[in-house]
Amino acid sequence: MSIHASALVSICSPWAVRVIVGSSRIEREWQMAKRSIHAHITQGLKSAFLTTLWEIWMERNNRIFRGIESTSTALASKIIDELHLWELAGAKGVQRIISRD
Numbered sequence: 005m006s007i008h009a010s011a012l013v014s015i016c017s018p019w020a021v022r023v024i025v026g027s028s029r030i031e032r033e034w035q036m037a038k039r040s041i042h043a044h045i046t047q048g049l050k051s052a053f054l055t056t057l058w059e060i061w062m063e064r065n066n067r068i069f070r071g072i073e074s075t076s077t078a079l080a081s082k083i084i085d086e087l088h089l090w091e092l093a094g095a096k097g098v099q100r101i102i103s104r105d
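Following the working numbering, the numbering of the sequence shown begins with 5 at its first residue and continues without gaps.
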């Protein structure tokens, strides 16, 4: 993919917070939390946020269109696995927010 992961995160994260949450209060809290932590951790949290949204969206599609449901544990495992892939692809800060087995 030609777009670097951090560029995608910086473009999509503020939009996703507004669209998904729709609350200016939660958006303000997100912005305050971002200012209070190290930049690499912020990047990791953005990656985790987008990965979580993506996996929930995929789970939704599987349930609606395929009639396949995953358990919450399986969904959490998919999110962690995807974050490990983001880490391997060079996403900054991901290794700081996920634990290794």
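Each residue gets a CB set at the ideal place from its N, CA and C atoms; glycine is no exception.
Boundaries of the alpha helix (DSSP H) harbouring Lys-38: 28-39, taken from the DSSP string.
A residue is called buried once 16 or more other Cβ atoms fall within 10 Å of its Cβ, and Trp-61, having fewer, is exposed.
When only Cα atoms are considered, Lys-82 and Thr-46 end up about 21 Å apart. A direct Cα-Cα distance of roughly 34 Å separates Glu-31 from Gly-71. If you ignore the 5 residues before and after Glu-86, its C-beta comes within less than 8 Å of the C-beta of Thr-55, Trp-58, Glu-59, all in its own chain and listed in chain order. With respect to the C-alpha of Lys-38, the residue from Ser-28, Arg-29, Lys-50 having the closest C-alpha is Lys-50. In the structure shown, the three-state DSSP call for Glu-73 is coil.
Put simply, of Asn-65, Gln-35, His-42 the residue whose alpha carbon is nearest the alpha carbon of Ile-101 is His-42.
The straight-line gap separating the alpha-carbon atoms of His-88 and Lys-96 is approximately 12 Å. Classified as buried, Ala-52 has 16 or more neighbouring CB atoms from the shown chains inside 10 Å of its CB.
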